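Engineer: In my numbering, the protein residues as written are 1495 to 1537. Just so it is clear, CB atoms sit at the ideal spot from N, CA and C, and this is done for glycine as well. Nothing here was measured: the structure is a model prediction, and the numbers come from that model. Below: one structure in C-alpha cells.
The following block contains the structure:
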C-alpha cells in the first residue's frame, strides 16, 4: 500500500503534464487553422 501511495502523485502529475501539452498543441493548431482560414478568405 505504501508503494501505491507513493506512486500515485507522480502518475497524477505526469497525466496533468501530458494533458497540458495536448491542450497546448490543440490550441496552437486551432489558432493556426483560423489564421490560415482568414488568410485564404482575404482577397
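1) Can you grab the Cα-Cα spacing for the pair residue 1508 / residue 1519, in whole Å?
2) Can you give the Cα-Cα distance for residue 1517 and residue 1506, rounded to whole angstroms?
3) Quick check: the Cα distance between residue 1502 and residue 1515, rounded to an integer number of angstroms?
Structural biologist: By the coordinates alone:
1) Sequence index remark: in the chain shown, residue 1508 carries index 14 (1-based). Sequence index remark: in the chain shown, residue 1519 carries index 25 (1-based). Rounded to the nearest angstrom, the two C-alpha atoms are 17 Å apart.
2) Here residue 1517 refers to the residue found at position 23 when the chain shown is read from its first residue. Here residue 1506 refers to the residue found at position 12 when the chain shown is read from its first residue. Cα-Cα distance, rounded: 16 Å.
3) Walking along the chain shown from the start, residue 1502 turns up at place 8. Walking along the chain shown from the start, residue 1515 turns up at place 21. In a straight line, the C-alpha of residue 1502 is about 20 Å away from that of residue 1515.
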